[in-house]
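Structure first, commentary second.
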Amino acid sequence: MDHSPITLPRLHNYHEIHENQLQNIVYDALVFATLNGLLVGDKSDQRSGRVAGVGLVHLPFSLLPPPLPQTYWKQASDLAPLFNQLVDRVSFDGFFLQQSLSKTKKADEFTSRLLDIHSKMLQINKKEDIRLGLFRSDYMLDEKTKSLLQVEMNTISTSFSGVGCVITELHSCSFFRNILSHYGKLLGLDSQRVPVNNATTQYAEALAKAWSEYNNPSAAIIIVVQAEERNMYDQHFVSAILRERYHITTIRKTLAEINQEGEILPDGTLSVDGQAIAIVYFRAGYTPVDYPSESEWSARLLIEQSSAIKCPSISYHLVGTKKIQQELAKPNVLERFFENKDDIAKLRKCFAGLWSLEDLDIVQKAIEKPELFVMKPQREGGGNNIYGDDLRETLIKLQKAGSQEDAAYILMQRIFPANTEAILMRNGILHKDRVISEFGIFSTYLRNKDKVIINNESGYMVRTKPSLSDEGGVLPGFGVIDSVYLT
């Protein structure tokens, strides 16, 4: 294998753009972002996460997309149906999930509570005939090995399908063809190289088809949300399509509200405030913060016990944990779920190095060279990973303690992507920086008993961050939303 570093093409010669021209481009981009809903609640306004239309600010974004060789993009897109199948097949193996997470259960209270609900569903032999997954698999292109490596598989509350389409539109036809038409030769950009992004419509279509399979025309889709959600507009894109194109009602409730207003009718139907529910679509419930009391846990159990379609079910949720990702990367584990050797090879090719903290040799290597590893807890939502000196100190502390707390973490090979120049927009202010990008492929999966109705790659989102930043979450303030330019 050729291990010479990847050299990404230099797409944007920013230094040749006159400052006045650049300011015009920035102004037009900010107007486009505002007109088309690339918006989030401003955290400086206390009401912005509770009241729609209050305290709006544009979502941080990149002015021009980062480059990625088309072969890697095709690889990531082609993997989507395989990862859909993998999540579904693993979810059926209750013993594997319980056994793989047994030590994590003792070390992590949140995972333990999820496993308790899963165990109760196994005990009553709860069948989920209609299974719906709206997933996202995130990748980075490792510069040294020239490999596309998976960062993680997200199975609950996959965000930015809505605003991801807006930034793609900004970067492609509306922006490149019109706003940048005067600078096309200067920048060397071709709008056709920004791939079409239909994540919002495909998510809505999957929800609508699942709603049809449930076969209750009077039932609604309930979106489980946080009490304060600054990213509500990303969620409303899908709701708008469901309402306008499919005439399906969506209602937004917190877990606490579902606990207070919800009940299971004699036929198994979930009813919330008198409204029958066909699908429970989680845009919350992925972090301990979403369960401040027993009320929220009672709601989660109520949902799982009902006949409503869960997106995701408790088993799909557990498949997305870091520990299961690490277990699936072990030798001979994929063979438990796939027979086709080519499919196994395709999946395994994108796995980064993943280890439990029981591997003492790897732990020692990580202590000696922490810059080569990332330490991950069983958490979603960004800002949780441990790097560098903090990683070393945490490992040493866990070793000295000799407790089971180390089961709450995994170690992952640190991926080193090539960095490129970028112009980042945050709070209306332009920042030039060296950046790296993480490419997320959305996917949709729907089956009713043995019939697979949908198994598709379904659009994308890209997060770009300064190359010197460890974390990359957009809402926590580390990165920006982006699209991609295929080379």
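1 is the number of the first residue of the sequence shown in UniProt numbering; add one for each residue after it.
Positions of the beta carbon are idealized from the N, C-alpha and C atoms, including for glycine.
With fewer than 16 other beta carbons inside 10 angstroms of its own, residue 265 counts as exposed.
Under the 8 angstroms Cβ criterion, the segment 447–461 does not count as touching the segment 415–434, having fewer than three qualifying pairs. Going by C-alpha positions, residue 259 is about 18 angstroms away from residue 250. Residue 226 sits in coil when the DSSP states are folded into three classes, being neither helix nor strand.
Separation of residue 256 and residue 209 (C-alpha to C-alpha, rounded to the nearest whole angstrom) is 28 angstroms.
Of 110, 241, 212, 411, the smallest CA-CA separation from residue 446 is found for 212. Residue 460 counts as buried, since no fewer than 16 other beta carbons sit within 10 angstroms of its beta carbon. In this structure, DSSP gives residue 137 an extended state, which the three-state scheme calls strand.
The beta-carbon distance between residue 370 and residue 353, rounded to whole angstroms, is 14 angstroms. This is too long to meet the 8 angstroms contact definition. If you ignore the 5 residues before and after residue 395, its C-beta comes within less than 7 angstroms of the C-beta of 363, 366, 367, all in its own chain and listed in chain order.
Within the same chain, Cβ atoms closer than 8 angstroms to the Cβ of residue 344 are found at 334, 335, 338, the five residues on either side in sequence being excluded.
DSSP, read as helix, strand or coil, puts residue 464 in strand.
Judged by their CB atoms, residue 222 and residue 281 are nearer to each other than the 8 angstroms cut-off.
Within 10 angstroms of the beta-carbon of residue 34 lie fewer than 16 other beta-carbons, which makes it exposed. Shown here, residue 311 sits in a strand according to DSSP, grouped into three states.
8 angstroms or more divides the Cβ of residue 143 from the Cβ of residue 422.
Look at the segment 48–89 and you find these whole runs of beta strand (DSSP E), each 3 residues long or longer: 56–58. For residue 447, the enclosing beta strand (DSSP E) begins and ends at 429–448. Restricted to the segment 352–409, the alpha helix (DSSP H) segments that are unbroken, complete and at least 4 residues in length are 360–368, 388–401, listed in chain order. DSSP places residue 27 in the helix class (H, G or I) of the three-state scheme.
For residue 426, there is no enclosing alpha helix (DSSP H); the residue is part of the beta strand (DSSP E) that begins and ends at 420–426.
Note on residue 95: under 16 other CB atoms within 10 angstroms of its CB, so exposed under the neighbour-count rule. Note that the C-beta distance between residue 135 and residue 467 is not below 8 angstroms. By DSSP's assignment, residue 281 forms a beta bridge with 223, 311. The beta carbon of residue 355 sits closer than 6 angstroms to those of 362, 411, all from its chain and outside the five residues before and after it, given in chain order.
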